[in-house]
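**Q**
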Amino acid sequence: MFTQVELLPADPILGLIEAFNQDTNPSKIDLGVGVYRDELGNTPILKSVREAEALLLTRETTKKYIGSHGDPLFSQQMLPLVFGENSNVLAEKRATLTQAPGGTGALRLAADFIKRNSPEKTVWISNPTWPNHFAIFDAVGIQHKTYAYVDSDTNRLDFPALLADLKQIPQGDVVLLHACCHNPTGFDLSKEQWQEVLAVLKEGKLLPLIDFAYQGFGEGLDEDAAAVRLLAEELPEVMITSSCSKNFGLYRERIGAFIAVAKDTTDMEKVRSQMASVARANYSNPPAHGSAIVATILASQELNTLWRSEVDEMRNRINTLRQQFVVALTPYGLAEKFACVAEQRGMFSYSGLKPNEVAQLQKDFGIYMVSTGRMNIAGYNEQNLPYLCEAIASVCGK
Ligand code: PMP
Numbered sequence: 001m002f003t004q005v006e007l008l009p010a011d012p013i014l015g016l017i018e019a020f021n022q023d024t025n026p027s028k029i030d031l032g033v034g035v036y037r038d039e040l041g042n043t044p045i046l047k048s049v050r051e052a053e054a055l056l057l058t059r060e061t062t063k064k065y066i067g068s069h070g071d072p073l074f075s076q077q078m079l080p081l082v083f084g085e086n087s088n089v090l091a092e093k094r095a096t097l098t099q100a101p102g103g104t105g106a107l108r109l110a111a112d113f114i115k116r117n118s119p120e121k122t123v124w125i126s127n128p129t130w131p132n133h134f135a136i137f138d139a140v141g142i143q144h145k146t147y148a149y150v151d152s153d154t155n156r157l158d159f160p161a162l163l164a165d166l167k168q169i170p171q172g173d174v175v176l177l178h179a180c181c182h183n184p185t186g187f188d189l190s191k192e193q194w195q196e197v198l199a200v201l202k203e204g205k206l207l208p209l210i211d212f213a214y215q216g217f218g219e220g221l222d223e224d225a226a227a228v229r230l231l232a233e234e235l236p237e238v239m240i241t242s243s244c245s246k247n248f249g250l251y252r253e254r255i256g257a258f259i260a261v262a263k264d265t266t267d268m269e270k271v272r273s274q275m276a277s278v279a280r281a282n283y284s285n286p287p288a289h290g291s292a293i294v295a296t297i298l299a300s301q302e303l304n305t306l307w308r309s310e311v312d313e314m315r316n317r318i319n320t321l322r323q324q325f326v327v328a329l330t331p332y333g334l335a336e337k338f339a340c341v342a343e344q345r346g347m348f349s350y351s352g353l354k355p356n357e358v359a360q361l362q363k364d365f366g367i368y369m370v371s372t373g374r375m376n377i378a379g380y381n382e383q384n385l386p387y388l389c390e391a392i393a394s395v396c397g398k
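Under the numbering used here, residues 1 to 398 are what the sequence shown spells out, in order.
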C-alpha cells in the first residue's frame, strides 16, 4: 500500500521556517510562524503557568481518565471567562462545554457534530481564513463555501461585501465567524457591524460557529468576548470553539473547548450527549495537563490576577508594536499605506505587501513572512523595527 500513496508537499509555513533557519543573514527576522514572541524573540512559559504546574506536581494524585467532556473544574472556570460572570446564558443553564485538544480539536468536534446531525449543511467561511478551517471540514466531508472579507485592492475590511454575502446564505447553514483577532488579516468587526451581522443571522436562521482562538489578544479578555456574548444572548443556538493556546501560552499542551448554547436545557443536554460520543470516537478522553493548568490559574485569585497581567502584557506589546510600525514608516511617506496595521488587532496583520515584495524582502533582507503578506506582529521588536521598515520602504520603491 505504502508504495502507492502520494507524497504530499510540506506545509508552506514549515518551508518558511526551514528557509529562515538556513539563512545566514545576521539581521534576519521571522514574521511567519504563528506563535507569540516576547521582546527577545522567545515564546516563554507564562509565570502563572509555571506556578500552576508547581502546584499540580504536589497536588495531582492520579493519572486516570478525566472523561469525554474533560475536567469539570476546567468547564466551570472557562464558561464565565467566555460568557462573563453575569451571563444569562449560564444562569439559564443553556451552555455546555466539552474540553478538546486545542482549538483545532474543538473545531473537529464541531465538524463531526454537524456531519452527524445535519450533513446537508454548508459551512460558510471568510475569504481569507486560517487555512486549517478548510482542511478540518474536508476531513469530515462537509461542504464549505466562502464569504467576502477583505477588499484586496485597498487591503481593508470589505464590510458591505461581507454583509451582502451573508444575506445570500441559504437558511439554516453554518457561518464560521472569527470572534476577534481575525487570522490572517487582523481586521475585526466593530460593535455596530456585529449588530448588523446578528440581524442577518437572525433573519436567515443561520447557525454561527464562532472561532475564539485569541481571547485577550485584541482589546481585552472581556472586550474580545463581546461578539460571542452578543450572539449567545440573542440567538437560540450558537457554537463556539475556544483555544487556550495563545492566551495561556499552552500551545503544545493542546487545550481548548467546544461550547454550545442551546435554546433550553433540554436541547443543551442533547447536544452534550452528542459531544461525548463524538469525542469518544476521536480520542476517547482529552489530555489532562493543559486543563489542569488553566483550571488552577482561573480558580486561584492570585494566579488569576497574575495571568490577567501577563495577557495584558502580551496584548500591549503587540498593540504598541503596531503603532510603532506605522510611526517608523512615516519618514518614508508610507504611513497612510500601512495605517491599517495600527487598526488591526491580534497577532496577525494583512500588511498589503504583494507576493513579489514579500519575496524580495526574504531574498534581499532575510525578512520572512507568508506570501499573502501576512506578518506576525510579535515577530519583530523595537531593536529591529528600523531595519524592517527600511527594508519595506526599499521593496515599496521608497
Ligand atoms: N483558529 C484560529 C483562527 C487559529 O489561528 C488557530 C491557531 N493558529 C486555531 C484556531 C487553533 O489553535 P490551537 O493551537 O489551539 O489548535
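C-beta atoms are modelled at their ideal positions from N, C-alpha and C, and glycine is treated no differently.
Small disclaimer: the values here were computed from a predicted structure and weren't measured.
(1) Alpha carbon to alpha carbon, how far is L176 from I210? Give it in angstroms, no decimals.
(2) Short check: CB of C244 to CB of V311, under 7 Å?
(3) At a cut-off of 6 Å, would you count G34 as near the ligand PMP, judging by its Cβ distance to the nearest heavy atom?
(4) Do A288 and S68 count as a contact pair if the criterion is CB distance below 7 Å?
(5) Would you say the beta carbon of S399 comes nearer than 6 Å to a heavy atom of the ligand PMP?
(6) Going by DSSP in three states, F404 sits in which element: helix, strand or coil?
(7) How far does the alpha helix (DSSP H) with W130 in it extend, from its first residue to its last?
(8) Is I377 closer than 7 Å to R322 when the C-beta atoms are compared?
(9) Going by the C-beta, is N183 closer than 6 Å to any heavy atom of the ligand PMP?
(10) Could you tell me whether the Cβ atoms of F83 and S291 are closer together than 7 Å?
(11) So W124 and D71 are in contact, right, with Cβ under 8 Å, and what is the actual spacing, rounded?
(12) Would DSSP call N155 helix, strand or coil?
(13) Who pairs with Q99 in a beta bridge, going by DSSP?
(14) Are I169 and L206 touching if we call contact CB-CB under 7 Å?
(15) Between E234 and the rest of its own chain, which residues show a CB-CB distance below 6 Å, the 5 nearest in sequence each way excluded?
(16) Within this structure, are the beta carbons of S361 and A335 separated by less than 7 Å?
(17) Taking C-alpha atoms, which residue in P355, T320, L57, L8 lies nearest to E219?
(18) On the three-pair Cβ rule with 8 Å, is the region 51 to 61 touching the region 186 to 203?
(19) Verify the contact flag: G256, CB atom, against every heavy atom of the ligand PMP, threshold strictly below 6 Å.
(20) Under three-state DSSP, which class holds I45?
(21) So G249 and Y36 are in contact, right, with Cβ under 8 Å, and what is the actual spacing, rounded?
(22) Considering only the beta carbon of each residue, do A100 and I142 sit closer than 7 Å?
(23) Tell me the DSSP bridge mates of A148?
(24) Is it right to say F2 is buried, meaning 16 or more other beta carbons lie within 10 angstroms of its own, or is it exposed?
(25) Can you tell me where the beta strand (DSSP E) with L176 in it begins and where it stops?
(26) In the DSSP assignment, what residue or residues form a beta bridge with R94?
(27) With a threshold of 6 Å, establish whether the CB of W130 neighbours any heavy atom of the ligand PMP.
(28) Report the three-state DSSP secondary structure of Y350 (helix, strand or coil).
(29) Would you give the residue range spanned by the alpha helix (DSSP H) that V278 belongs to?
(30) In angstroms, rounded to a whole number, what distance separates the CA positions of A52 and W307?
**A** According to the structure shown:
(1) 6 Å
(2) no
(3) yes
(4) no
(5) The question about residue 399 has no answer here: the residues shown for the chain are numbered 1 through 398.
(6) The chain is shown only over 1 to 398; residue 404 falls outside these bounds and no answer can be derived.
(7) Here W130 belongs to no alpha helix (DSSP H), and DSSP marks it neither H nor E.
(8) yes
(9) yes
(10) no
(11) Not quite, the Cβ-Cβ distance comes to about 33 Å (not below 8 Å), so this is no contact.
(12) coil
(13) A257
(14) yes
(15) L198
(16) Just to set this straight, residue 361 is Leu in the shown sequence, not Ser. Going by C-beta atoms, L361 is not nearer than 7 Å to A335.
(17) T320
(18) no
(19) yes
(20) coil
(21) 7 Å
(22) no
(23) N127
(24) exposed
(25) 174 to 178
(26) Answer is none; R94 lacks a bridge partner.
(27) yes
(28) strand
(29) 265 to 283
(30) 10 Å
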